[in-house]
């Protein structure tokens, strides 16, 4: 069993017990424990079930590379799945549950998958579930849904808050081990502004656990002194619990600070996303130990040798009384020695190398530990815990020569530098045959804006395994970064370290060397995604040669640990299967973040009301308080309708329309885009932008205009008013003002930069309120008109005037989108509400009410007016909509003109706008319905000849109306077309003129 | 997250402040253009692995367009310059040639 040792544990405080709940059971650990170390101290080696086969899985590692110990953490608004026990600091009251098992961790029904492993080979998604077709829906999917996934989905709203933190520094150092500390110190001495990030709660990294001495003293003393010195440097900042998450273009980096994960429910934000701009980055991210590939290497109790040592030294936890070591290098001997010195038993060190002669093996021999060289593990026995290992010759195929009982197998396949941050932005790697690892190639760094490399690597991350070399490398990196950031390096010598000398590692990708296929099926590469050696070999046999393809086919390295343990071993097996060298096979792409970060941190403060800035018209609050039924329109909210007490939305819309057509209504049209275009060349410019002529518009008059893209497609529409000889006011659609303003600026700045034109987007400077209906003029006159004549003769249709209404400076435009007598009145935004109130008051005797966007839509559809976004979708040209009259034939050129001359644009078969009257007047055609001609396409689909673009119930006409685009539509007036519905029925509609109401336009012209 | 210095306002702008505008120095072909000229203007763009001249707008800053010469493979920025020119300035071209002797030229 695993248990707490009587003494030891440099990070835990035995005087401070911490209670926590594991699967409903109360357990106790110490302050300074991780959840993993506390579980192990309570003999909880079994922590979860594997993803595919539901095999029992235990803790393997002590850091972020841990693939198995993922837990459901917390409750309610602080519940989060897939949290790593090894990176979760223990706190009072922590609640965790194991994942991916049913009904319990100890007894799991899904483990039958294990027996079915033959149906889950590499690529099983593409094989097993393909045939027969019906089986997916009725057999496979229900099973997969039940079995798949790891943690549970949170059901409550996140109770925490999150924030961004922006910082500019000269040098960012990632990693607070001895390399990071030495590099930061040296960089700081140059005078540079330095930021040092360490992902754990403590500085120092592995040096203390590995027994390193620096300058003749234990590493911890040097670490303490260095941290103190760094803290005293004014331009150096340090952050614990902050991971360097990603490196991006031009010296941009992200850090992920876990502010309150260890003290939940505090006032501070839970996580901070650091957004860092820096001149140079030093990654001092250390290395991760590799597992060895032997049969049964996933049975709980098989762990990384370095992690066994971590738990003993850092947390005072023994993983078991009998620890077998299996290795291909000297470092694992440190674990053997630590275990032995703790008074526990090391029955044997299984060393794949033919001989073990270094300083560390000698030390182990002196302690009386048996070393079996040239040996490997044939297989591990055990279910929920290791019981024994079988030894075999490493050179053989797996015949067992001896069985050794044990509780723990501490394995080491060598160390892989953490090159992720180096690689995120394009840093290249070399394969080091001597040290059996990928190392950063300093000659091929990721380049910054100036073309020079901006990432440097220091220490073990750079492939240095000896502490003296690590420190020398770190000091050199600190100097270089300081110099490249524009500072003068100082000449301090690197500290001298002392640690046992190591003999060379032997590459071991398969244990034993000739491991037979039966054993390969029990040898795990990727624990989290349940990928075995046999899967990768099968993929290679099936022709997967690229490591990127093999990854996706087998799912190797695609789990939440992103292959931190499995990638190198996996690609070595692939290389072997392909008879290729490892560097030829290469690595998969390293992408940020280094380790999963919370969505909360990514979202930061952008949630709820401040997720997106909301634009509000001057009438917004009034609308909110007077029954406005909001809908989003661009960045705005507009009322769909104004609901009165007890009224349905549908009834409100009909009431608003009837009120407008019969008397008078108000519309808040402030969201309309308003752009001033001014200058001697303004007319010439607008002639290019609009399809129709604008330069001959007379001051005081308005003209409806269309804008197209250079591809000829209709992009925006609106009314242009000429304010004076040099000044135009262009109205755009509500969602289009920013886009059209940018469009104007783009042409003025990048194509016609010699034209004398200025533009200004004045959308929010004005409230625009339409007074609409037969009584509109009476209402305005009652409000009090000064300085202008708004009578039928004084202000004719498509004209505007300037003066005062209700004492407020006003510019009424006589334009109409409803077909009624209508004045759209622009007033200064600050006086919008006052104007609105005055209009309501003056209109009281006519029963005036406001109307919303749906009434606006229905009324314009009754009049056959198009709406950008309804009748257009980016593939429609004005000619399709019967708007040929708005396309100037006099102008030599305008944006979109050339495109509209292309054969496809002049094709008589294009779908064109018509009105549609359903044969049954009570049936409204569903939105988006297609018209069919009864024939079938080659693929069996019904042949479509048109579609509905706008479809409404018209209260004015007391029947359904619609507009649509139909092939040869305008030539087929009076014919019937068929619209099939999703329910399988058909709706018949007659093709008619799109103007349903007041074809002569008499109502607006009074 | 590129950093480009806006030549109009002088600010070293983060990519989030900028709006990309594709290849620079495209000649507009409007009404009367031949089919091939118009096709080239509307659809044909260079996609080099290496030196690229492109348009950017300092959309969240001064609002002005500018041109940038940038390496698409290493993200090196050779320089930014006015949008109101028909071709890159000579000194910039010389600078790129020095750094990239194999470059085919503008």
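Chains as they are written, first to last, in the working numbering: chain W, 130 to 1135; chain B, 171 to 276. Ideal Cβ placement from N, Cα and C applies to all residues, glycine included.
**Report entry** Any chain B beta carbon closer than 8 Å to residue 1130 of chain W
**Finding:** No, no contact with chain B.
Query raised in the report: Just by C-beta distance, which residues in the region 871-888 of chain W are closer than 9 Å to chain B?
Result: Taking 9 Å as the Cβ-Cβ cut-off against chain B, the residues of the region 871-888 of chain W that qualify are 871, 874, 875, 878, 879, 880, 882 and 883.
Requested in this report: Anything in chain W within Cβ reach of residue 173 of chain B, meaning under 7 Å, just list it in chain order.
Outcome: 379 and 578
Report task. At 4 residues or longer, and completely inside the region 455-513 of chain W: list those alpha helix (DSSP H) runs for me, N to C. Result -> Segments of the alpha helix (DSSP H) lying fully in the region 455-513 of chain W: 460-470 and 488-495.
Requested in this report: Might you give, ordered along the chain, the residues of its own chain that have their beta carbon closer than 6 Å to the beta carbon of residue 663 of chain W, omitting 5 neighbours on each side?
Outcome: Taken in chain order, the residues that qualify are 649 and 650.
Report task. Would you verify that the beta carbon of residue 1027 of chain W is, or is not, closer than 8 Å to some beta carbon of chain B? Result -> Output row for residue 1027 of chain W: interface = yes.
Query - Whole-angstrom distance between residue 480 of chain W and residue 531 of chain W, CA atom to CA atom - result: 15 Å
Query raised in the report: Since residue 208 of chain B is in the alpha helix (DSSP H), which residue starts that stretch and which ends it?
Result: 205-213
Query raised in the report: When the Cα of residue 475 of chain W is compared with those of W:488, W:490 and W:452, which residue comes out closest?
Result: W:452
**Report entry** Extent of the continuous alpha helix (DSSP H) run through residue 260 of chain B
**Finding:** 260-269
Requested in this report: Could you please give me the residues that DSSP links to residue 372 of chain W through a beta bridge?
Outcome: W:385
Report task. With DSSP as the reference, label residue 881 of chain W as helix, strand or coil. Result -> coil
Requested in this report: Could you give the DSSP three-state label for residue 942 of chain W: helix, strand or coil?
Outcome: Assigned with DSSP and collapsed to three states, residue 942 of chain W falls in strand.
Report task. Using a Cβ cut-off of 8 Å (strictly closer), state whether residue 183 of chain B contacts chain W. Result -> no
**Report entry** Test: residue 265 of chain B CB closer than 8 Å to a CB of chain W
**Finding:** no
Requested in this report: Please classify residue 568 of chain W: does DSSP put it in a helix, a strand, or coil?
Outcome: strand
Query raised in the report: Quick one: what does DSSP say residue 1096 of chain W is sitting in, helix, strand or coil?
Result: If DSSP states are grouped into helix, strand and coil, residue 1096 of chain W belongs with the strands.
Query raised in the report: Where does residue 733 of chain W sit, in a helix, a strand or coil, going by DSSP?
Result: coil
Report task. Determine the extent of the beta strand (DSSP E) in which residue 933 of chain W is found, giving its start and end residues. Result -> 932-934
Report task. Output, in chain order, the set of chain B residues within a Cβ distance shorter than 9 Å of residue 983 of chain W. Result -> Residues of chain B passing the Cβ test: none, with the nearest at roughly 33 Å.
Query raised in the report: So, is residue 138 of chain W buried or exposed, given that buried needs 16 or more other C-beta atoms within 10 angstroms?
Result: buried
Query - Interface flag, residue 840 of chain W vs chain B, CB-CB below 8 Å - result: yes
Query raised in the report: Under a three-way DSSP split, which group does residue 779 of chain W fall into?
Result: helix
Query raised in the report: Using the beta-carbon of each residue, which ones in chain B are nearer than 7 Å to residue 1021 of chain W?
Result: 201
Query raised in the report: Hey, is the region 1044-1054 of chain W in contact with the region 1118-1125 of chain W, meaning 3+ C-beta pairs nearer than 8 Å?
Result: These segments touch.
Requested in this report: Tell me whether the beta-carbon of residue 723 of chain W lies closer than 8 Å to the beta-carbon of residue 550 of chain W.
Outcome: yes
Requested in this report: Give the residues of chain W in contact with residue 233 of chain B, contact being defined as C-beta atoms less than 7 Å apart.
Outcome: 874
**Report entry** beta strand (DSSP E) runs wholly inside the region 943-970 of chain W, at least 3 long, in chain order
**Finding:** 951-957
Query raised in the report: Quick one: does residue 247 of chain B have its CB under 8 Å from some CB of chain W?
Result: For residue 247 of chain B, at least one C-beta of chain W is nearer than 8 Å to its own C-beta.
Query raised in the report: Which chain W residues are close to residue 223 of chain B, counting only those with a beta carbon under 9 Å from its beta carbon?
Result: Those do not exist, as residue 223 of chain B stays about 13 Å from chain W at its closest Cβ, beyond 9 Å.
Requested in this report: Could you tell me which residues DSSP pairs with residue 889 of chain W in its beta bridges?
Outcome: W:805
Query - Residue span of the beta strand (DSSP E) that contains residue 1044 of chain W, given as start and end - result: DSSP places residue 1044 of chain W inside the beta strand (DSSP E), whose first and last residues are 1040-1047.
Query raised in the report: Using the beta-carbon of each residue, which ones in chain W are nearer than 9 Å to residue 198 of chain B?
Result: 839 and 880
Report task. Would you kindly report the start and end of the unbroken alpha helix (DSSP H) that includes residue 551 of chain W? Result -> Bounds of the alpha helix (DSSP H) holding residue 551 of chain W are 549-553.
Report task. Determine whether the Cβ of residue 253 of chain B lies closer than 8 Å to any Cβ atom of chain W. Result -> yes
Requested in this report: Enumerate in chain order the residues of its own chain whose CB-to-CB distance from residue 852 of chain W is below 6 Å, with the five nearest sequence positions on each side excluded.
Outcome: 858
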